[in-house]
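Participant: Taken in sequence, the protein lines are chains A and B. Numbering-wise, the first sequence is residues 1 to 127 according to our numbering. Numbering-wise, the second sequence is residues 1001 to 1127 according to our numbering.
2 protein chains.
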Amino acid sequence: MISFDDFIPNDTSPIYLQIILHIKRGIAAGNVVDGDEVPSRRSLSALLGVNPNTVQKSYHILEEEGIIFSSPGAKSCVTIDQQKIALIRAQLLGDQAKEMIHAMKQMRISKEEALATLSSLWEDIPS
Amino acid sequence: MISFDDFIPNDTSPIYLQIILHIKRGIAAGNVVDGDEVPSRRSLSALLGVNPNTVQKSYHILEEEGIIFSSPGAKSCVTIDQQKIALIRAQLLGDQAKEMIHAMKQMRISKEEALATLSSLWEDIPS
DNA sequence: AAAACTGTATTACTTGTGTGACACACCTTC
DNA sequence: GAAGGTGTGTCACACAAGTAATACAGTTTT
Chain A
1 MISFDDFIPN DTSPIYLQII LHIKRGIAAG NVVDGDEVPS RRSLSALLGV
51 NPNTVQKSYH ILEEEGIIFS SPGAKSCVTI DQQKIALIRA QLLGDQAKEM
101 IHAMKQMRIS KEEALATLSS LWEDIPS
Chain B
1001 MISFDDFIPN DTSPIYLQII LHIKRGIAAG NVVDGDEVPS RRSLSALLGV
1051 NPNTVQKSYH ILEEEGIIFS SPGAKSCVTI DQQKIALIRA QLLGDQAKEM
1101 IHAMKQMRIS KEEALATLSS LWEDIPS
C-alpha cells in the first residue's frame, strides 16, 4: 500500500494534481508494484484533509491513464508493468530537472551554484 | 523593462502566480532594478495571451508585497532595494532546491543521480 | 440479513479567469 | 489654452475550473 506520510501539500497547484504526482512518484520509486491496493477515496481524503471527491478526481484520471483499476464496491488497485514504470520515472525525473534548470537560469544562477546549493541542502530534507 | 520572452506557461499552477514568480526571478537575476518600468496590464496580457485582469491580479499582489508601485494613469514601476533583492533571491533559490530534493527523494533517486541528471541537462535548456 | 466498507453520481460553493466599462494622465492638434 | 485621441490603472459582473457536501449503489464481512 502506497504511503502518503511524506505528502507535503503545496498551495500553488491543484490538490488533485499533487495526489496524481505523489502516486506516480511512488510508482517510480518502486514503492508500488502491480496489483498493489491504493487507499480508498474516503480514507485518503480523511488523511489529507480534503474532500473524497477531490481524491476521486485524481483516481479517475489515473484510471484513464491506465495506471489504476477501479470497479464499483471493490478496492482499487494499481495495474502497471516494468516498462511503464521506467517510462514514468524517466519522465518525472526529466521534467523535474528541466523545471529546476529553467528556474535557475531565469535567476541567472550558475550551474556551479545550483549544484552546490542542491548538494548542500540534500541532507537537510527528510526522506 | 523586464522581459517575458522566456516565460514558459505551465498548466499546473494559476497563471497569476506564474507571472509573480517570473517577475520575482527577474528581480533576483538583477535584470530589474529599482525604478524600472513594468509592462502595462494590457501589453503583457496581449503578449501572454491571457486576460488583462489576470495580469492585474499579479500586479496587485506584488504591490501589496511592496515590490511594485502603481497609480492611476501612470506607468507602474518596481520599487525595491538591494536588501529585498538578496532576500528574494535566497528565498526563491532555497525553495526551488528544496522542492527538487523532495521530489527526487520521493522517487528514491540518489543524490549522485540527481546531480548527474541536472548537470547533463543543463546545457540543453535555453537561457 | 445487517453492518461497514467500497466506488459513483448529482449538486452547490469557492477560486481563477474572461469580458466589458469606467476614470485618470499624457501627448498631439487645433 | 481647449479638444480629442491613446495610453495608463481600476472596478463590477459573467463564465469556468477546483473543491466540498450529500446521496446513491455495489462488495465484503460478520
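Cβ atoms here follow ideal geometry from the backbone N, Cα and C, with glycine treated the same way. Predicted, not measured: the structure shown is a model, and the values here were computed from it.
Going by beta carbon distance, what residues of the same chain come within less than 6 Å of A/Arg42, once the five residues before and after it are set aside?
Facilitator: Along the first sequence, read from residue 1 onward, the residue named residue 42 of chain A stands at position 42. Taking C-beta separations shorter than 6 Å and ignoring five residues to either side along the sequence, the partners of A/Arg42 in its chain run Pro52, following chain order.
Participant: Just the C-alpha distance for A/Ala29 and A/Leu44, rounded to the nearest angstrom, thanks.
Facilitator: Taking the first sequence and counting its residues from 1, one reaches residue 29 of chain A at position 29. Taking the first sequence and counting its residues from 1, one reaches residue 44 of chain A at position 44. Taking the straight line from one Cα to the other gives about 20 Å.
Participant: Just checking: is the beta-carbon of B/Arg1025 within a distance shorter than 7 Å of some beta-carbon in chain A?
Facilitator: For the purposes of this step, residue 1025 of chain B is taken as the residue at position 25 of the second sequence. For B/Arg1025, the answer is yes, since a Cβ of chain A falls inside 7 Å of its Cβ.
Participant: Which residues of chain B have a Cβ atom closer than 8 Å to the Cβ of A/Ile125, listed in chain order?
Facilitator: Translated into the one-based positions of the first sequence, residue 125 of chain A becomes position 125. Neighbours of A/Ile125 on chain B, chain order: Lys1098, Ile1101, His1102, Lys1105.
Participant: If the criterion is Cβ atoms closer than 7 Å, does the pair A/Arg25 and B/Gln1096 meet it?
Facilitator: What you label residue 25 of chain A is simply residue 25 of the first sequence in a count that begins at 1. What you label residue 1096 of chain B is simply residue 96 of the second sequence in a count that begins at 1. No, these two residues do not count as a Cβ contact at 7 Å.
Participant: To the nearest angstrom, how far is it from the Cα of B/Asp1081 to the Cα of B/Glu1037?
Facilitator: The sequence position of residue 1081 of chain B within the second sequence is 81, counting from 1. The sequence position of residue 1037 of chain B within the second sequence is 37, counting from 1. Their backbone Cα atoms lie some 15 Å apart in a straight line.
Participant: In angstroms, rounded to a whole number, what distance separates the CA positions of A/Met1 and A/Pro39?
Facilitator: Here the question's residue 1 of chain A lines up with position 1 in the first sequence. Here the question's residue 39 of chain A lines up with position 39 in the first sequence. Approximately 7 Å between the Cα atoms of the pair.
Participant: Which whole runs of the beta strand (DSSP E) in the region 50-108 of chain A are 3 residues long or more, in chain order?
Facilitator: Within the region 50-108 of chain A, no complete beta strand (DSSP E) run reaches 3 residues.
Participant: Return the CA-CA distance between B/Ala1086 and A/Asp34, expressed in angstroms with no decimal places.
Facilitator: Reading the second sequence from its first residue, position 86 is the one you call residue 1086 of chain B. Reading the first sequence from its first residue, position 34 is the one you call residue 34 of chain A. For B/Ala1086 and A/Asp34, the distance between alpha carbons rounds to 48 Å.
Participant: For B/Leu1093, which of B/Ile1027, B/Tyr1016, B/Thr1012 has the nearest alpha-carbon?
Facilitator: Position 93 of the second sequence, counting from 1, holds the residue named residue 1093 of chain B. Looking at the Cα atoms, B/Ile1027 is the closest of the given residues.
Participant: Establish whether the CB of B/Ser1013 and some CB of chain A are separated by less than 7 Å.
Facilitator: Within the second sequence, numbered from 1, the residue matching residue 1013 of chain B stands at position 13. Chain A contact via Cβ: present.
Participant: Check for me: the alpha helix (DSSP H) holding A/Ser43 runs from which residue to which?
Facilitator: Stepping through the first sequence from its first residue, residue 43 of chain A is reached at position 43. Element bounds for A/Ser43: 41-48.
Participant: Given a cut-off of 7 Å, decide if A/Ile101 and B/Ile1125 are closer than it, judged by their beta-carbon atoms.
Facilitator: By one-based count along the second sequence, residue 1125 of chain B stands at place 125. By one-based count along the first sequence, residue 101 of chain A stands at place 101. Yes.
Participant: Can you tell me which residues form a DSSP beta bridge with B/Glu1112?
Facilitator: Looking up residue 1112 of chain B in the second sequence gives position 112. According to DSSP, which records beta bridges pairwise, B/Glu1112 is partnered with nothing at all.
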